[in-house]
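In this note's numbering, the protein residues as written are 108 to 375. Glycine is no exception: its CB is placed at the ideal position from the N, C-alpha and C atoms. Values in this document were obtained by computation on a predicted structure and should not be read as measured data.
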């Protein structure tokens with residue numbers, strides 16, 4: 108069986124025609140994209156996976172392939188070195204779309220959103236969508252620093268004391284500020300920006316899911332104050348393609364190796 112046939116492990120089902128699941132299919136969407144991200148963790152690559160899954164876009168999660176099929180971490184290192192893509196990339200995720208290579212999560216989502224119908228059409232809304240996306244990714248960076256406040260190259264066990272202090276501040280001050288902002292942007296609307304789902308909504312879903320895993324006690328308290336935002340996350344999770352993805356082996360589970368890590372002692 109080839110990697111492209113193994114849709115439950117490495118990609119989506121064949122692309123449907125027309126508008127389905129909220130995403131408008133373009134000619135470019137008929138290509139099979141290649142995602143380069145570390146195979147064992149969700150990380151920032153998960154934001155890209157969610158967009159591709161929602162759009163019904165065929166893709167290969169390259170590093171999750173066997174090494175005999177060009178997969179594994181070696182495939183990512185080759186791209187980081189510029190051996191395949193012409194110019195080095197700083198870090199994954201990296202997405203190959205035909206002959207176009209794109210790195211940096213927010214930029215990938217901006218390009219994918221425009222190609223696959225997951226971004227608003229008018230300029231003001233597109234800018235707001237990217238503004239929200241960048242703010243969400245700021246939150247993601249602070250999530251990582253809650254368990255690695257000293258250095259990402261050190262083990263968590265080497266900085267547990269600092270992590271407790273950082274997490275306490277993060278949960279008390281930063282999480283309410285971020286979630287409150289996203290809740291205000293949403294207001295009483297169905298979706299974050301515009302009249303249809305965009306990649307901003309997928310980002311919100313993933314952040315809420317991550318926070319509920321990493322800090323279940325603290326998240327339960329905050330969720331009561333941003334009920335509209337929580338309901339948005341539930342709407343995203345209930346979408347047919349997203350629900351199918353979440354139940355599949357394509358969804359890498361949360362763990363203590365990714366961005367969102369559950370350490371009971373950090374859950375305020």
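A direct Cα-to-Cα measurement between residue 175 and residue 346 gives close to 35 Å. If you check the CB distance, residue 213 and residue 241 come in under 7 Å. Less than 7 Å separates the beta-carbon of residue 310 from that of residue 243. Within the same chain, and ignoring the five residues on either side of residue 151 in sequence, the residues whose Cβ sits closer than 6 Å to its Cβ are 200 and 212. Sequence-distant partners of residue 270 (beyond 5 residues in either direction) whose C-beta falls short of 8 Å from its own C-beta, in its chain, are 253, 254, 255, 256, 263, 370 and 373. Note: residue 202 is bridge-paired with 142 and 209 in the DSSP secondary-structure output. Within the stretch 236-260, complete beta strand (DSSP E) segments of at least 3 residues are not found at all. Per DSSP, reduced to three states, the secondary structure at residue 166 is strand. Beyond the five residues adjoining it in sequence on each side, residue 287 comes within less than 6 Å, by CB distance, of no other residue in the same chain. With fewer than 16 neighbouring CB atoms inside 10 Å of its own CB, residue 362 falls in the exposed class.
Restricting attention to alpha helix (DSSP H) runs no shorter than 4 residues, the stretch 280-348 encloses them at 282-293, 306-321, 323-330 and 334-345, ordered along the chain. The Cβ atoms of residue 335 and residue 278 do not sit closer than 7 Å to each other.
Judged by beta-carbon spacing, residue 149 lies within the 7 Å limit of residue 365, meaning their Cβ atoms are closer than that value. Contact check for residue 326 against residue 318 passes: the beta carbons are separated by less than 7 Å.
Measuring C-alpha to C-alpha distances from residue 158 to each of 356, 304, 330 and 208 identifies 304 as the nearest. Pairing residue 140 with residue 247, the inter-Cα distance amounts to about 25 Å.
Cβ atoms of residue 160 and residue 205 stay farther apart than 8 Å, at about 19 Å.
Distances from the alpha-carbon of residue 171 to those of 368, 367, 210 and 359 put 359 closest. Just measuring C-alpha positions, the residue of 316, 182, 323 and 163 sitting nearest residue 146 is 182.
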